[in-house]
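K.L.:
Here it is: the structure, laid out below.
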Amino acid sequence: MKSNSTDQWYDLSLKIHRSYGGKIEVIPKVPIKSLQDFSILYTPGVAQPSRVISRDPDQSFLLTSRWNMIAVVTDGTRVLGLGDIGPEASYPVMEGKALLFKYLGGVDAIPLPIRARDPDTFIDIVKSIEPAFGGINLEDIESPKCFYILEKLRESLEIPIWHDDQQGTATAILAGLINALKLVGKKLSEVVIAFIGAGASNIATANLVIKAGAKPGNIIMVDSKGILYHEREDIDSLMFSNRWKYDLAIKTNSEQRKGGIPEALKGADVVIAASRPGPGIIKKEWIRAMNDDPIVFALANPVPEIWPWEAKEAGARIIATGRSDFPNQINNSLVFPSVFRGVLSVRAKTISDDMALEAAYSLARFAENKGLREDYIVPRMDELDTYIQVAVDVALKAIDTGVARVKKSKKDLYDEVVRLIRSAKSKLDALMNMGLIQ
Numbered sequence: 010m011k012s013n014s015t016d017q018w019y020d021l022s023l024k025i026h027r028s029y030g031g032k033i034e035v036i037p038k039v040p041i042k043s044l045q046d047f048s049i050l051y052t053p054g055v056a057q058p059s060r061v062i063s064r065d066p067d068q069s070f071l072l073t074s075r076w077n078m079i080a081v082v083t084d085g086t087r088v089l090g091l092g093d094i095g096p097e098a099s100y101p102v103m104e105g106k107a108l109l110f111k112y113l114g115g116v117d118a119i120p121l122p123i124r125a126r127d128p129d130t131f132i133d134i135v136k137s138i139e140p141a142f143g144g145i146n147l148e149d150i151e152s153p154k155c156f157y158i159l160e161k162l163r164e165s166l167e168i169p170i171w172h173d174d175q176q177g178t179a180t181a182i183l184a185g186l187i188n189a190l191k192l193v194g195k196k197l198s199e200v201v202i203a204f205i206g207a208g209a210s211n212i213a214t215a216n217l218v219i220k221a222g223a224k225p226g227n228i229i230m231v232d233s234k235g236i237l238y239h240e241r242e243d244i245d246s247l248m249f250s251n252r253w254k255y256d257l258a259i260k261t262n263s264e265q266r267k268g269g270i271p272e273a274l275k276g277a278d279v280v281i282a283a284s285r286p287g288p289g290i291i292k293k294e295w296i297r298a299m300n301d302d303p304i305v306f307a308l309a310n311p312v313p314e315i316w317p318w319e320a321k322e323a324g325a326r327i328i329a330t331g332r333s334d335f336p337n338q339i340n341n342s343l344v345f346p347s348v349f350r351g352v353l354s355v356r357a358k359t360i361s362d363d364m365a366l367e368a369a370y371s372l373a374r375f376a377e378n379k380g381l382r383e384d385y386i387v388p389r390m391d392e393l394d395t396y397i398q399v400a401v402d403v404a405l406k407a408i409d410t411g412v413a414r415v416k417k418s419k420k421d422l423y424d425e426v427v428r429l430i431r432s433a434k435s436k437l438d439a440l441m442n443m444g445l446i447q
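The opening position of the sequence shown corresponds to residue 10 in my numbering, with each subsequent residue numbered one higher.
Below, the structure written as structure tokens:
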């Protein structure tokens, strides 16, 4: 059962998409005032930058828009809470990502759904388009295929590859968790964390949380068959069908709990749910069985596993969802625009786990400096300064860890990031004020 507000968002969104015929377009960034300009920008003048690039392909980052251009690539097999809806139906989501990339990060992004269900075919297609882009954002690809695709592309490409459902979501969750634990006076290294759902986002989050200092043995993961533990009857087959989940089954749950969601939540300090749309996936009585001051992240879209008010009634101290119409929205939209802004500005070769950690710490610091509250543990999407701060911090981490091709001072980075992010908003404001965007 959907809430009335959710149905209203659906109806309004459909009307707007139909009215505007999509959400993005391509416009020139250079002045054109006369016929002579075409001789400079196209033929014959354009032959010269092409000659330069033919001798040194890296010049494509200096002489074309490639330096700031990424592809948002999907096969449409795991779209939002909709599942396997195909590449065409994924286009509105990819287009929405492209809009956020530009508005929040000053990054030019192209939606690129492709019809390739076989992972190796998908990988070959993405490898073949590398010359056109400065980075690749993978999106909405089913698990466990998404882990394999990300690993292989990171091994073979010399541009940043990022799977937003893994790294972006994990980074946003970690930022929120850091601040939630501060508010309740608990330490990451000591809390018991129940993960409900063992798909791309929760597997990536568990790994990032461990890297940040959580004890693997204190993590309890639940998939569709129940709690993961190293003697579960399907563990041998899991080794071959999903080695990423298998690795977590082996190193988590030191007390070897068995059962399902209620058993996982008993005595837990935190629950991070990224499973399937609710409500009713998590019940109030299960929240009551958690430790004092429980933290509840119910992140399924469009409807969380438990409504926030129900979690509050059950005793939850801090509650987060994936929705913008509730407090504490934990969403990868807080992460991907600034991370790519940072890596593109220093032309990084990859996005490492250390860079994702830095993005999480930066997000957490921003919210803490603004003043933490139980209904404010991460920045809001409309706080544009957070994107500037995170982009600069990620770029500096790329330089410090040796994956940046271009080294810049903190001031130069800040000035560039501010210019690019604020320019995107200013251009949109100008077009709206002139009536060119109704």
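We put the CB at the ideal spot given by N, CA and C, even for glycine.
Identify every residue that forms a DSSP beta bridge with Q447.
P.N.:
DSSP, once it has assigned bridges, lists no residue as partnering Q447.
K.L.:
Under a three-way DSSP split, which group does H239 fall into?
P.N.:
coil
K.L.:
Please report the distance separating the alpha-carbon of N188 from that of D173.
P.N.:
Annotation: N188 to D173 spans about 22 angstroms, alpha carbon to alpha carbon.
K.L.:
Give a yes or no on whether the C-beta atoms belonging to G31 and L353 are separated by under 8 angstroms.
P.N.:
For G31 and L353, no; Cβs fall outside 8 angstroms.
K.L.:
Using C-beta distances below 6 angstroms, list every residue in its chain close to V201, excluding the 5 sequence neighbours before and after it, in chain order.
P.N.:
N227, A277 and D278
K.L.:
Are I270 and I168 touching if we call contact CB-CB under 8 angstroms?
P.N.:
Against a cut-off of 8 angstroms, the Cβ pair of I168 and I270 comes out as no contact.
K.L.:
Taking all protein chains shown into account, decide if S432 is buried (16 or more other Cβ within 10 angstroms of its Cβ) or exposed.
P.N.:
Of the other Cβ atoms in all chains shown, fewer than 16 fall within 10 Å of the Cβ of S432; this residue is therefore exposed.
K.L.:
DSSP three-state call for Q338: helix, strand or coil?
P.N.:
Under the three-state reduction of DSSP output, Q338 falls in the strand class.
K.L.:
Is it true that the CB of K161 sits closer than 8 angstroms to the CB of I132?
P.N.:
Yes.
K.L.:
Consult DSSP for D363 and reduce its assignment to one of helix, strand or coil.
P.N.:
helix
K.L.:
On the DSSP letters alone, give me the boundaries of the beta strand (DSSP E) that F306 sits inside.
P.N.:
I304 to A307
K.L.:
Compute the Euclidean distance between the alpha carbons of Q17 and E264, then round it to the nearest angstrom.
P.N.:
Going by C-alpha positions, Q17 is about 46 angstroms away from E264.
K.L.:
What are the uninterrupted segments assigned as beta strand (DSSP E) that are 3 or more residues long and contained completely in the stretch 60 to 100, given in chain order?
P.N.:
78 to 83
K.L.:
Under 8 angstroms, with one C-beta from each stretch per pair, do the stretch 364 to 375 and the stretch 309 to 328 reach the 3-pair mark?
P.N.:
Result no; under three Cβ-Cβ pairs closer than 8 angstroms.
K.L.:
What residue range does the alpha helix (DSSP H) around P128 cover?
P.N.:
P128 to S137
K.L.:
Can the beta-carbon of A184 be found closer than 8 angstroms to that of V387?
P.N.:
yes
K.L.:
For Y51, count neighbouring Cβ atoms within 10 angstroms of its own Cβ and tell me buried if that reaches 16, exposed if not.
P.N.:
exposed
K.L.:
Where D384 and P336 are concerned, what is the direct C-alpha to C-alpha distance, given to the nearest angstrom?
P.N.:
5 angstroms
K.L.:
Answer with buried or exposed for D65, where buried requires no fewer than 16 other C-beta atoms within 10 angstroms of its C-beta.
P.N.:
exposed
K.L.:
Just to confirm, are S14 and D243 a CB contact at a threshold of 8 angstroms?
P.N.:
S14 places its beta carbon 8 angstroms or farther from that of D243.
K.L.:
Quick test of your reading: I397 and I430, contact by CB under 8 angstroms. State the CB separation rounded to the nearest angstrom.
P.N.:
Contact flag correct, Cβ pair sits at about 6 angstroms.
K.L.:
Alpha carbon to alpha carbon, how far is A215 from K224? Give it in angstroms, no decimals.
P.N.:
Going from the Cα of K224 to the Cα of A215 covers about 10 angstroms.
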